[in-house]
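In the numbering used here, the protein residues as written are 3 to 350.
Have a look at this one:
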C-alpha cells in the first residue's frame, strides 16, 4: 500500500501505465514492467483448472528461468476464451517484443477483469508504442494503477538492505480485491529486485515467501482463473551470487517476505466489502498442514464472517468451524482466545 512519497524504483527496471480504452473514463488499463537486462524469473500460478491463456503461456516461458518484461491489462481477463484467447495473447506478446527489441519468450503477460470476454487486441496493440515510449524509472506506481480493477487504492511495498556488502532493493506491486483464496487468488503480484541470485535459490525463496504470505490469506474463499505472482531479479546490484546454501540468502528471504506480507495484508484490507482485518493463529497442531486446515475452516466459515462483521463475539461459531475442519484433535485440550480474552476452555 502506498503510504508516503517514497520513490518506488529498482535499479535496472523501468515501468509505465497508460489508458488504451479497455476501461471507462480514461482509467489506466495497460501497464508494463521492463528490466533493461534479461532477469532471473520465478513464478507461482493459480491452481484453478480454467487457467487463462496468459498464464498458460507464462508457465511455459518461466521454465527457461529468464524473462525481461511483464505486460498487464485490466478490464478484461481473457479467461474462458479458448484457442482464440490464446492467439490474442500471443499477438500482444509478439507486438511488445518487437517494440522492445527482445525475444518474444522473454515477455510475460497478465490480464485481469471480466471473465469470458476476449481481449480488445487492436486497442492494446495500438497503445504498445506509447506504453514503451513512456517507460521510466519512476513508473512503477503507474504500472500498478493500470492493473487495478475493484481495488480502492494501489498496493506497493519496497525494502532496501545490504546483502554481501552491496545495496539491494526489492519492490513489489499487487492488485486484488475479490476472489481471494490461497493457491493464488484473484490477484496479480509482481516483484522486482536488483539482487544477483541463483535461479534455484530464487525459485525456492519465492515459493517459501508466497506460502507464508499470499497463500495464507482469504477474503471470500474463491480462487480465480488469472492469478499469479512473479519475481524478476536482474542482478545489477553486483553482489556475489546468492545460493541456496548461503546464510546471506536468509536476509534476502526476510526482505522478500516483508514485502509480500505488506502487500498481502493490503489486499485483505481492500477486499470487496471488507470492514475487518482478522488474524487467526493456531498453536499446538500436530502439523503445519493441520494448523492451516483449521485456520481456513474458521476463516472461510460464513457464520464466523458474519459474526466478525457484526462485531458479535460468538465464539461458538469459531469452535463449530474448528470442529468441522476434519483434523484430529484432543478436544478437551482446545482453548480459544479472542484477542487477549480467553473465551473457551474445557478446563475452565
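Think of the CB as a built atom: it goes at the ideal place given N, C-alpha and C, for glycine as much as any other residue.
- Beta-bridge pairing by DSSP links residue 193 to 174, 233.
- If you look at residue 76, you'll find it in the beta strand (DSSP E) that goes 68 to 78.
- In this chain, residue 108 is not harboured by any alpha helix (DSSP H), its DSSP state being neither H nor E.
- Residue pairing of residue 36 in beta bridges, as defined by DSSP: 16, 71.
- Residue 330 counts as exposed, since fewer than 16 other beta carbons sit within 10 angstroms of its beta carbon.
- By the Cβ neighbour-count rule, residue 259 is buried, with 16 or more other Cβ atoms within 10 Å of its own.
- In this structure residue 216 is buried. Its beta-carbon is surrounded by 16 or more other beta-carbon atoms within 10 angstroms.
- Sixteen is the threshold: since fewer than 16 other Cβ atoms of the shown chains lie within 10 Å of the Cβ of residue 334, the residue is exposed.
- Judged by pairs of C-beta atoms under 8 Å, the stretch 293 to 303 touches the stretch 319 to 329, as three or more such pairs exist.
- By the Cβ criterion, the stretch 30 to 40 is in contact with the stretch 118 to 134, since at least three pairs of Cβ atoms, one from each stretch, lie closer than 8 Å.
- Residue pairing by DSSP places residue 337 opposite 347 in a beta bridge.
- In the assembly as shown, residue 286 is an exposed residue. Its beta-carbon has fewer than 16 other beta-carbons within 10 Å.
- Within its own chain, the residues whose Cβ lies closer than 6 Å to the Cβ of residue 93, once the five positions on either side in sequence are excluded, are 123, listed in chain order.
- Where residue 157 is concerned, the enclosing beta strand (DSSP E) starts and stops at 157 to 165.
- Under the 8 Å Cβ criterion, the stretch 143 to 152 does not count as touching the stretch 227 to 240, having fewer than three qualifying pairs.
- A contact between stretches requires three or more CB pairs, one per stretch, nearer than 8 Å, and the stretch 96 to 111 meets this requirement with the stretch 53 to 66.
- In the DSSP assignment, residue 256 falls within the unbroken alpha helix (DSSP H) covering 250 to 271.
- Checking the DSSP bridge columns, you'll see residue 169 partnered with 164.
- Rounded to whole angstroms, residue 79 and residue 347 show a C-alpha spacing of 47 Å.
- Nearest in C-alpha terms to residue 118, of all of 226, 247, 138, is 226.
- Beta-bridge partners of residue 305 (DSSP): none assigned.
- Contact check for residue 159 against residue 264 passes: the beta carbons are separated by less than 8 Å.
- Under DSSP, residue 115 forms a beta bridge with 77.
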